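J.: Quick one: this structure, given as structure tokens, is what I'll be asking you about.
Residue numbers (the working numbering), protein chains in the order written: chain W, 1 to 259; chain Z, 260 to 341.
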């Protein structure tokens with residue numbers, strides 16, 4: 001993609017910034033769509049509304065990020081969101097899995113929200129001011145999402161044997177793929193040099209693991225050593241291909257339509 | 260303070276989340292007070308809330324001041340004109 005001129009950034013930095021924005025936007029977009037799969041079938045009516053609303057919040061964050069990216073690359077936010085093939089998405093492998101049962105979705109939301117909090121804190125200190133401001137705004141809403149995910153983590157962990165085991169099993173299943181929220185970006189070194197990214201992704205991963213291991217290991221037992229990998233944002237699954245077919249189905253039904 | 264509505268929730272923490280989503284997700288609330296049902300004292304005795312006497316003198320509509328107001332305005336205008 002071609003990128004616009006941004007005063008304080010050189011071309012390599014702008015391309016890296018575009019890659020960063022795409023990864024952030026795709027994470028929010030895809031988790032929003034997975035969680036919206038609970039609409040109508042969540043465990044109780046109130047939770048149905050809450051989960052659906054949180055999923056919409058994530059789509060709202062994705063919209064703001066896609067718009068920032070579109071501005072930078074002279075593109076269109078809707079085209080980026082709905083006009084790409086499944087293999088062109090850059091969300092973390094954590095978001096390749098279907099929603100499965102409630103404990104699985106709670107486990108994923110908890111892993112995602114805690115990692116996102118670390119990431120947003122770093123981005124709120126970015127030298128790229130529009131991103132720093134947006135990250136600060138997102139963090140105000142994500143704080144509440146994290147409280148909600150945390151409330152459910154405790155309910156399941158402190159509940160009967162079955163919910164606790166379902167939760168523990170989901171956390172163990174997702175642990176390795178959750179690291180990919182901090183998978184290295186091609187242009188990461190350029191972003192760190194420019195201060196767009198406060199620290200390298202692997203350092204953020206270490207910080208996050210330090211926080212969540214203490215919390216999760218009483219539930220899961222010892223979690224294996226894990227680290228982000230090079231293809232953490234490019235691996236795609238059949239489950240994601242299915243979701244992609246769902247969320248692009250209306251837009252692709254009449255491509256020339258103006259919505 | 261108005262009664263926004265009610266939610267069913269297993270505990271106070273989730274009640275807070277659900278209240279926020281039901282009565283605040285569109286930015287329509289500045290503040291929410293969330294109270295468990297069994298902490299609510301109910302007053303529903305009709306003799307206390309709707310006693311069997313005329314209450315019209317306790318409502319602003321119980322006083323008809325239109326003519327008094329017109330007379331006062333006329334008086335003020337004539338005094339100013341002197």
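Don't be surprised by glycine CBs; every beta carbon is placed ideally from N, CA and C. From a predicted model like this one, the values you see are computed outputs, not experimental measurements.
Where does the unbroken alpha helix (DSSP H) through residue 86 of chain W begin, and where does it stop?
T.: Note, residue 86 of chain W: premise wrong, no alpha helix (DSSP H); not H, not E.
J.: When you compare the CB of residue 126 of chain W with every CB in chain Z, is at least one pair closer than 8 Å?
T.: Taking Cβ atoms only, chain Z never reaches closer than 8 Å to residue 126 of chain W, which makes this a no.
J.: Just tell me which of W:18, W:162, W:38 and W:61 has its CA closest to the CA of residue 137 of chain W.
T.: If we check each option's Cα against that of residue 137 of chain W, W:61 comes out closest.
J.: Just to make sure I have the definition right: I need the residues of chain W whose C-beta is within less than 7 Å of the C-beta of residue 268 of chain Z. Which are they?
T.: Neighbours of residue 268 of chain Z on chain W, chain order: 46.
J.: Could you tell me whether the Cβ of residue 202 of chain W comes closer than 8 Å to any Cβ of chain Z?
T.: No, residue 202 of chain W lies away from the interface with chain Z (no Cβ there is under 8 Å from its Cβ).
J.: Report the residues of the region 144-160 of chain W with a CB closer than 7 Å to any CB of chain Z, ordered along the chain.
T.: The residues in question are 148 and 151.
J.: Please classify residue 319 of chain Z as buried or exposed, where buried requires at least 16 other C-beta atoms within 10 Å of its C-beta.
T.: With fewer than 16 other Cβ atoms within 10 Å, it is exposed.
J.: Anything in the region 273-285 of chain Z with a Cβ closer than 8 Å to a Cβ of chain W? List those residues in chain order, please.
T.: Against chain W - using a Cβ distance shorter than 8 Å - the residues of the region 273-285 of chain Z are 273, 276, 277, 279, 280, 281 and 284.
J.: Taking the alpha carbon of residue 295 of chain Z as the reference point, which residue from Z:266, Z:336, Z:333 and Z:326 has its own alpha carbon closest?
T.: Minimum Cα distance to residue 295 of chain Z is reached at Z:266.
J.: Got a sec: is the Cβ-Cβ distance from residue 36 of chain W to anything in chain Z below 8 Å?
T.: It does not; no Cβ of chain Z falls within 8 Å.
J.: DSSP three-state call for residue 38 of chain W: helix, strand or coil?
T.: Three-state result, residue 38 of chain W: coil.
J.: Helix, strand or coil for residue 301 of chain Z, going by three-state DSSP, please let me know.
T.: Coil.
J.: Starting from residue 43 of chain W, follow the alpha helix (DSSP H) in both directions and report where the run begins and ends.
T.: First-last for residue 43 of chain W: undefined, no H or E at that position.
J.: Beta-carbon separation of residue 213 of chain W and residue 223 of chain W under 8 Å?
T.: Yes. Within cutoff.
J.: So residue 53 of chain W contacts chain Z; which residues on that side make the cut at Cβ distance below 8 Å?
T.: Neighbours of residue 53 of chain W on chain Z, chain order: 280 and 284.
J.: Can you grab the Cα-Cα spacing for the pair residue 210 of chain W / residue 94 of chain W, in whole Å?
T.: The alpha-carbon atoms of residue 210 of chain W and residue 94 of chain W are separated by roughly 19 Å.
J.: Anything in chain Z within Cβ reach of residue 50 of chain W, meaning under 7 Å, just list it in chain order.
T.: Under the 7 Å cutoff, chain Z gives 276, 277 and 280.
J.: Determine the direct distance from the alpha carbon of residue 195 of chain W to that of residue 87 of chain W, and round the result to whole angstroms.
T.: Each residue's alpha carbon lies about 30 Å from the other.
J.: Would you give the residue range spanned by the alpha helix (DSSP H) that residue 326 of chain Z belongs to?
T.: Run containing residue 326 of chain Z: 325-340, per the alpha helix (DSSP H) assignment.
J.: Given this structure, state the Cα-to-Cα distance separating residue 36 of chain W from residue 98 of chain W, to the nearest angstrom.
T.: For residue 36 of chain W and residue 98 of chain W, the distance between alpha carbons rounds to 12 Å.
J.: Can you give the Cα-Cα distance for residue 270 of chain Z and residue 278 of chain Z, rounded to whole angstroms?
T.: For residue 270 of chain Z and residue 278 of chain Z, the distance between alpha carbons rounds to 12 Å.
J.: Can the beta-carbon of residue 18 of chain W be found less than 8 Å from the beta-carbon of residue 111 of chain W?
T.: Taking 8 Å as the Cβ cut-off, residue 18 of chain W and residue 111 of chain W do not qualify as a contacting pair.
J.: How about residue 291 of chain Z and residue 151 of chain W: do their beta carbons lie closer than 8 Å?
T.: No, Cβ-Cβ distance for residue 291 of chain Z and residue 151 of chain W is not below 8 Å.
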